[in-house]
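Enquirer: Taken in order, these protein sequences are the chains called A and B.
The first sequence begins at 17 in the numbering used here and counts up one residue at a time.
The second sequence begins at 40 in the numbering used here and counts up one residue at a time.
Cβ atoms here follow ideal geometry from the backbone N, Cα and C, with glycine treated the same way.
This is the structure I have questions about; it appears just below.
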Amino acid sequence: MKDVIRLENVSKIYKETKVIALDNVSFSIKQNDFIAIMGPSGSGKSTMLHILGLLDKPNKGDVYIDEIRTTKLSDDQIAEIRNRKIGFIFQQFNLMPHLNALDNVCLPCLFKEVPNHEKDKAHELLKLVGLGGREKNRPGQLSGGEQQRVAIARALINDPEIILADEPTGNLDSKTGKQIMAELVHLHKDHKKTVIVVTHDPEIASYAKRHINIHDGKILHDHAKSARYLWKK
Amino acid sequence: MRMQLFKFAFNNLKARPMRSWLTIIGVIIGIAAVVTFMLLGQGLEASIQEQFQKIGVNKIIITPGKGAAGMFGGGIGADMFYEHDLDVIKTARGVEKVGGMGYKLAKVEFRNEIEYTFVIGMPEELTIEEYGFSIEHGRDFTKSDKYKAQVGYDIYNAKFFDKPVKVGNEILIQGKEFEVVGSIEKVGNHQDDSQVYIPYSIYQEVFDEEGYSMIIAKTPEDADTQEIADAINEKLRKDRNLKRGNEDFSVQTFEQMMETFSTILGIVQLVVVGIATISLIVGGVGIMNTMYTSVLERTRQIGVMKAIGAKDRHILTIFVFEAGIIGLVGGAIGVILGTLAGKAVELAATFAGYEILKIGLNLRVTLIGLLFAFFIGVISGFAPARQAARLNPVEALRYE
């Protein structure tokens, strides 16, 4: 299997505070993996998310996405990779409040150079996440769980290889949280997506095949899950 | 993709209707003011030109006193011309006919109703048509006419005295009886349309005046009036032993008068439109303010858009579109309201007797208004849009 993401000696130091958020980190993520990145707040987990999602650049080292060395690319080229290869899911859902579910799902298409049949696809994706018939609802008319489903559909619209979820259940009750995680598992299993979940919640992390624990900007543990029963959830 | 971004920008504005409309109103006021004043200026200039054209271009006006002051103040307490001057002007090359005339504010009475208006002593050498007017009812003066008068359109149509003054009626000018023999066609402004015209020799008797407060020289059709005006100037100067530049009289062609009017009007228009532009700038500042607020408020959304693949120029385009739409909508409504306001001024002027303003939808002014509004929008929106485009996605996403 090829490396979808590879970090080589990545360091991130915030100049103002001189905080070393990531300290010479190297690891790679294979295609169709399901990874949980864990760590307490201040561990460098958020920085890791930003680096993996190409929202931020490291001070040192290289980030490869699909074997493309992104650290040398222009902002526009990086934006295009985010658009095509990465689907973001946020803790606060981050939907556009004035757009209906369908238009929210289509939002990434606004920034694509060549538009395709995105409306049809958005309909399908809303059905896939169990929101068929709710296309015209605005985020305010949807529950938290439903909003997160819209966000998942939005993340899928450009058929990215990587799903990057930042505390995806953080704003949801545990029951809804489980449903959302089931959705991510489904994407991983049936749609062969590489799923990366950043969380501090071990319960959420237990869905993943592989755990990466970060502490003080360094990888503390990186191990494949031995307990296979967790994966049966 | 452009179209989709445009739709997206439009929806963003629709999501905040109150603020969008308040900002648009700022633009509307500015554009409406600019459009109204431009239309008024153009309408006034066009009507003045039309009036000059009506009165005739083949004429030269000679007044005592200097320059433009002579044009406005000639004959009122100023120096006078005499018979001799008429003879001198006649000798100038190209002059067809010469006639002296004068005008005074006088008491005019009709059926015990007293009003004050200008009484014009008409040059007897020129027919009414040659002077530039047309007879509507009755007839022109004849050589043998003594105490006969022509009346303006408004006097004939009961818009001056309570009752209409018809051909054959008697009126009193400065207490002397005159028979009305004709009426003049509508000129278009109340002042000119409520004047009374009498032969100059009678004018001299009634007002006890020796000379002329104005001389009209008629030139042939298609003649170069400026050349003839120069010839008249030279003859008069030589006769009076004056050096060039020291004239105590002024010779003006209608073209010159038209130019003088246009220049004055142009300056007035520039000042007024300039003031109106200030309100448009205020409207632009309003757009800028709204857009900066919007950028701040939507920082997180901008972060999200960047995360899901928006390039800097996409964000820039969205915000510039929003500002441009505010400008365009404000411009469109402003042009409509400005045109209506201009039309209202025209109606008010007509109601007051000045049927000289012709104002309507003007393509040039409309285009200027729309483009101006659009550019004000885009220019005002550019700085906030650039700030939005340059936001760091990580910081924007973290923004509460």
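Report the three-state DSSP secondary structure of A/Thr-86 (helix, strand or coil).
Expert: Mapped onto the first sequence, residue 86 of chain A falls at position 70. If DSSP states are grouped into helix, strand and coil, A/Thr-86 belongs with the helices.
Enquirer: Can you tell me the Cα-Cα spacing of B/Pro-203 and B/Gly-80, whole angstroms?
Expert: Reading the second sequence from its first residue, position 164 is the one you call residue 203 of chain B. Reading the second sequence from its first residue, position 41 is the one you call residue 80 of chain B. So the alpha carbons of these two residues sit roughly 34 Å apart.
Enquirer: Write down the C-beta distance between B/Ile-354 and B/Ala-428 rounded to the nearest angstrom, noting that I regard them as a contact closer than 8 Å.
Expert: Here residue 354 of chain B refers to the residue found at position 315 when the second sequence is read from its first residue. Here residue 428 of chain B refers to the residue found at position 389 when the second sequence is read from its first residue. About 4 Å separates the two Cβ atoms, so the contact holds.
Enquirer: Measuring straight from C-alpha to C-alpha, what distance separates B/Phe-47 and A/His-202?
Expert: As a first step, residue 47 of chain B is located in the second sequence; it is residue number 8 there, counting from the start. As a first step, residue 202 of chain A is located in the first sequence; it is residue number 186 there, counting from the start. One C-alpha to the other measures close to 32 Å.
Enquirer: Could you name the residues of the same chain whose beta carbon sits closer than 7 Å to that of B/Tyr-251, not counting the 5 residues immediately before and after it, in chain order?
Expert: Working through the second sequence from its first residue, we reach residue 251 of chain B at position 212. Excluding sequence neighbours, B/Tyr-251 sits near Met-119, Phe-120, Gly-139, Met-140, Gly-141.
Enquirer: In chain order, what residues of the same chain lie with their CB nearer than 7 Å to the CB of B/Ala-107, ignoring the 5 residues before and after it?
Expert: As a position in the second sequence, residue 107 of chain B is number 68, starting the count at 1. Only weak support is given to the placement of B/Ala-107: the predicted model assigns it a pLDDT of 48, under 50, and the question is left unresolved by the model.
Enquirer: Strictly below 7 Å CB to CB, what residues from chain A border B/Gln-340?
Expert: As a first step, residue 340 of chain B must be located in the second sequence, where it is residue number 301. Going along chain A in sequence order, the residues near B/Gln-340 (Cβ under 7 Å) are Met-112.
Enquirer: DSSP beta-bridge partners for B/Glu-218?
Expert: The residue labelled residue 218 of chain B in the question sits at position 179 within the second sequence. B/Lys-187, B/Glu-209, per the DSSP bridge assignment.
Enquirer: In the DSSP assignment, find the alpha helix (DSSP H) that holds B/Phe-45 and state where it starts and stops.
Expert: What you label residue 45 of chain B is simply residue 6 of the second sequence in a count that begins at 1. Looking at the DSSP string, the run of the alpha helix (DSSP H) that includes B/Phe-45 is 41 to 54.
Enquirer: Between which two residues does the beta strand (DSSP E) harbouring A/Met-54 extend?
Expert: Here residue 54 of chain A refers to the residue found at position 38 of the first sequence. Here the beta strand (DSSP E) through A/Met-54 covers 50 to 54.
Enquirer: If you compare alpha carbons, which of B/Asn-50, B/Gly-69, B/Gln-88 is closest to B/Gln-295?
Expert: Position 256 of the second sequence, counted from the first residue, corresponds to residue 295 of chain B. Here the closest residue by C-alpha is B/Gln-88.
Enquirer: Would a check of beta-carbon distances place B/Phe-47 closer than 7 Å to chain E?
Expert: The chain labelled as chain E is not found among the protein chains of the depicted structure, namely A and B.
Enquirer: Counting only Cβ pairs nearer than 7 Å, list the residues of chain B close to A/Glu-96.
Expert: Along the first sequence, read from residue 1 onward, the residue named residue 96 of chain A stands at position 80. Here the neighbours are Gly-348.
Enquirer: Exposed or buried, what is B/Gln-340 when buried is set at 16 or more other beta-carbons lying within 10 Å of its beta-carbon?
Expert: Position 301 of the second sequence, counting from 1, holds the residue named residue 340 of chain B. Looking at its Cβ environment, which holds 16 or more other Cβ atoms inside 10 Å, B/Gln-340 is buried.
Enquirer: Report yes or no: is there a C-beta of chain A within less than 7 Å of the C-beta of B/Gln-90?
Expert: Within the second sequence, numbered from 1, the residue matching residue 90 of chain B stands at position 51. No - not a single Cβ of chain A is within 7 Å of the one on B/Gln-90.
Enquirer: Give the residues of chain B in contact with A/His-133, contact being defined as C-beta atoms less than 9 Å apart.
Expert: The sequence position of residue 133 of chain A within the first sequence is 117, counting from 1. Residues of chain B passing the Cβ test: none, with the nearest at roughly 14 Å.
Enquirer: Do the stretch 390 to 402 of chain B and the stretch 92 to 104 of chain B make contact, defined as three or more Cβ pairs closer than 8 Å?
Expert: No, the stretch 390 to 402 of chain B does not touch the stretch 92 to 104 of chain B.
Enquirer: Residues bridged to B/Val-137 by DSSP?
Expert: The count along the second sequence starts at 1 and reaches residue 137 of chain B at position 98. DSSP, once it has assigned bridges, lists B/Ala-256 as partnering B/Val-137.
Enquirer: Could I get the ranges of all uninterrupted alpha helix (DSSP H) runs contained in the stretch 325 to 374 of chain B, with 4 residues as the minimum, in chain order?
Expert: With a minimum length of 4 residues, the continuous alpha helix (DSSP H) runs that stay inside the stretch 325 to 374 of chain B are 338 to 346.
Enquirer: Closest to B/Val-368 by C-alpha separation, out of B/Val-147, B/Arg-41, B/Ala-71, B/Gln-43, would be which residue?
Expert: Along the second sequence, one-based indexing puts residue 368 of chain B at 329. Nearest option by C-alpha distance: B/Ala-71.
Enquirer: At what residue ranges does the stretch 117 to 166 of chain B contain a whole run of the alpha helix (DSSP H), taking only runs of 4 or more?
Expert: Segments of the alpha helix (DSSP H) lying fully in the stretch 117 to 166 of chain B: 122 to 129.
Enquirer: Name the residue from A/Thr-86, A/Gly-193, A/Met-112 whose alpha carbon lies nearest to the alpha carbon of A/Pro-155.
Expert: As a working mapping, residue 155 of chain A is identified with position 139 in the first sequence. Nearest C-alpha to A/Pro-155: A/Met-112.
Enquirer: Grab me the residues of A/His-216's own chain with a C-beta within less than 8 Å of its C-beta, minus the 5 sequence neighbours each way, in chain order.
Expert: Taking the first residue of the first sequence as position 1, residue 216 of chain A is located at position 200. The residues are Met-54, Gly-55, Pro-56, Ser-57, Lys-61, Glu-183.
Enquirer: When the cut-off is 7 Å and only beta carbons count, does A/Asn-75 lie next to chain B?
Expert: Residue mapping note: residue 75 of chain A aligns to position 59 of the first sequence, counting from 1. Taking Cβ atoms only, chain B never reaches closer than 7 Å to A/Asn-75, which makes this a no.
Enquirer: Hey, how far is the Cα of A/Ser-242 from the Cα of A/His-227?
Expert: Counted from its first residue, the first sequence places residue 242 of chain A at position 226. Counted from its first residue, the first sequence places residue 227 of chain A at position 211. Note that A/Ser-242 scores 47 on pLDDT, short of 50, meaning its location in the model is unreliable and no value can be drawn from it.
Enquirer: In the DSSP assignment, find the alpha helix (DSSP H) that holds A/Ser-190 and state where it starts and stops.
Expert: Counting from one through the first sequence, the residue named residue 190 of chain A turns up at place 174. Start and end: 190 to 207.
Enquirer: Measure the C-alpha to C-alpha separation of A/Lys-128 and A/Gln-93 and round it to an integer number of angstroms.
Expert: Here the question's residue 128 of chain A lines up with position 112 in the first sequence. Here the question's residue 93 of chain A lines up with position 77 in the first sequence. Approximately 12 Å, taken between the alpha carbons.
Enquirer: Starting from A/Lys-135, trace the alpha helix (DSSP H) both ways and give me its first and last residue.
Expert: One-based indexing of the first sequence puts residue 135 of chain A at position 119. Unbroken alpha helix (DSSP H) run through A/Lys-135: 134 to 144.
Enquirer: Going by DSSP in three states, B/Leu-304 sits in which element: helix, strand or coil?
Expert: Taking the first residue of the second sequence as position 1, residue 304 of chain B is located at position 265. Reduced to three states, the DSSP call for B/Leu-304 is helix.
Enquirer: Just list the residues that DSSP pairs B/Thr-292 with in beta bridges.
Expert: Indexing the second sequence from 1 puts residue 292 of chain B at position 253. The partner list for B/Thr-292 (beta bridge, DSSP) reads B/Ile-99.
Enquirer: Which residue comes first and which comes last in the beta strand (DSSP E) that contains A/Gly-103?
Expert: The residue labelled residue 103 of chain A in the question sits at position 87 within the first sequence. Segment 102 to 105, the beta strand (DSSP E) holding A/Gly-103.
Enquirer: State yes or no: is the C-beta of A/Ile-9 within less than 7 Å of the C-beta of A/Thr-185?
Expert: Lying before the first or after the last residue shown, residue 9 of chain A is absent from chain A, which here runs from 17 to 249.
Enquirer: Could you check whether B/Gly-221 and B/Gln-189 sit closer than 7 Å to each other, using their CB atoms as the reference points?
Expert: For the purposes of this step, residue 189 of chain B is taken as residue 150 along the second sequence, with counting starting at 1. For the purposes of this step, residue 221 of chain B is taken as residue 182 along the second sequence, with counting starting at 1. Cβ distance < 7 Å, so B/Gln-189 and B/Gly-221 count as in contact.
Enquirer: Figure out for me which residue from B/Tyr-195, B/Met-57, B/Leu-144, B/Val-219 has the closest Cα to the Cα of B/Thr-181.
Expert: Mapped onto the second sequence, residue 181 of chain B falls at position 142. Considering only alpha carbons, the answer is B/Val-219.
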